[in-house]
Amino acid sequence: MIRLRDKWILITGASSGIGEVFARELAVRGNHLILVARSENKLEALAKQLRMELGIQVEVIVNDLSKEGAPLKLYEECQQRRLSVDMVINNAGFGTHGFFEQLSGERQHEEVMLNIMSVVDITHLFLPGLLEKGSGAVINVSSTAGFQPDPYMAVYGASKAFVLSFTQALWEENRTRGVQFLALCPGSTQTEFFNVVGSDEASVGKRSTPEHVVKTALKALEKGQPYVVPGFQNYMTAQVSRLLSHKQVLRLVGGLLRPRNKGNEAETLKPSH
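Okay, structure coming up:
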């Protein structure tokens with residue numbers, strides 16, 4: 180089990196929301212951070228604050244992980260700075276909401292690149308180093324949306340289902356090799372994720388705080404769990420697909436997520452990074 184102190188931890192999507200709270204919580208525990216996102220000003224401000232208040236080392240790497248080759252550039256930058264990563268948190272991601280054919284094809288391509296391909300590529304690049312040390316951890320942020328298909332958020336739900344399956348498979352592969360894997364599956368959370376939508380149809384249930392999500396994740400990591408759903412209500416929601424028929428689940432989720440704005444125009448959710 181990784182001891183979360185004096186470790187170098189890489190966090191994507193670290194400029195706000197769950198990623199920022201991961202950074203703050205792990206910094207308080209005495210770890211050093213590699214903060215990754217597109218928002219240089221936000222990252223630099225956070226890094227400056229954590230260095231001054233806690234005396235830890237913080238590296239900032241500006242990178243748009245939705246672009247082809249971006250994960251490799253991130254890895255090479257870490258190598259050039261001689262940063263030996265002990266833990267990876269793949270948190271960066273965003274969602275789109277609306278009728279599939281009305282959404283921008285380019286935007287949904289970026290969604291797949293960030294939510295799926297960056298997770299696969301970053302994990303593939305950094306895992307050998309963790310295995311060489313015989314210790315370390317990878318937290319991949321999935322969602323309760325990953326437990327069933329999500330009409331009107333088809334690409335987002337499918338991407339998070341991939342992350343959940345992928346991470347649990349690697350949990351088993353690496354269970355006796357010293358590297359822990361955890362799929363973090365929060366429900367609706369109080370972040371910038373829903374700001375652009377302007378309505379609540381893409382948000383199901385009471386929103387958790389990112390602080391609660393992060394503390395739940397770190398406790399689950401300490402216990403060696405393959406996945407965790409923060410909050411009892413969210414956990415029960417994630418189990419609905421086991422209790423109802425497939426068609427019933429599709430109709431239930433479709434009814435909850437169906438766009439209610441005039442003309443059913445497609446909407447895009449703001450990236451979580």
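Under the numbering used here, the first residue of the sequence shown is numbered 180, with each subsequent residue one higher.
Idealized CB from N, CA, C, for every residue including glycine.
Counting other Cβ atoms within 10 Å of its Cβ, Q258 stays below 16 and is therefore classed as exposed.
Assigned with DSSP and collapsed to three states, T416 falls in helix. Between H211 and R437, the alpha-carbon positions lie close to 43 Å from each other. Contact between the segment 400–416 and the segment 356–365 is present: three or more C-beta pairs spanning the two stretches fall below 8 Å. DSSP, reduced to helix, strand and coil, places L251 within a helical segment of the structure shown.
When secondary structure is reduced to three states using DSSP, G434 falls in the helix class. Close CB contacts of T395 within its chain, under the 7 Å cut and outside five residues either way in sequence, are with V407 and P409 (chain order). Take the alpha-carbon of K246 and the one of F341: they are about 19 Å apart. Under the DSSP definition of a beta bridge, Q359 partners with A316.
Leaving aside the five residues that flank V200 on each side, the residues in its chain whose CB is nearer than 7 Å to its CB run, in chain order, P389, E390 and V393. Remark: C-beta atoms of A216 and A202 do not approach each other more closely than 7 Å. With fewer than 16 other CB atoms across the displayed protein chains lying within 10 angstroms of its CB, K398 is exposed. Taking C-beta atoms under 8 Å as the contact rule, G336 and N270 fail to qualify, at a distance of about 18 Å.
With at least 16 other beta carbons inside 10 angstroms of its own, A226 counts as buried. Taking the Cα of I235 as reference, the smallest distance to any Cα among L262, V207 and E223 is reached at V207. For L229, the CB contacts under 8 Å within the same chain, skipping 5 residues up- and downstream, are A202, R203, A206, L212, I235 and V237 in chain order. Along the length of the segment 268–351, whole alpha helix (DSSP H) runs at least 4 residues long occupy 284–291 and 297–312, reported in chain order.
By alpha-carbon distance to N353, the top candidate from I295, S297, S314 and S367 is S314. Here V320 really is in contact with G272; their C-beta atoms are around 7 Å apart, less than 8 Å. Here the segment 294–314 does not lie against the segment 414–431, with fewer than 3 beta-carbon pairs under 8 Å apart.
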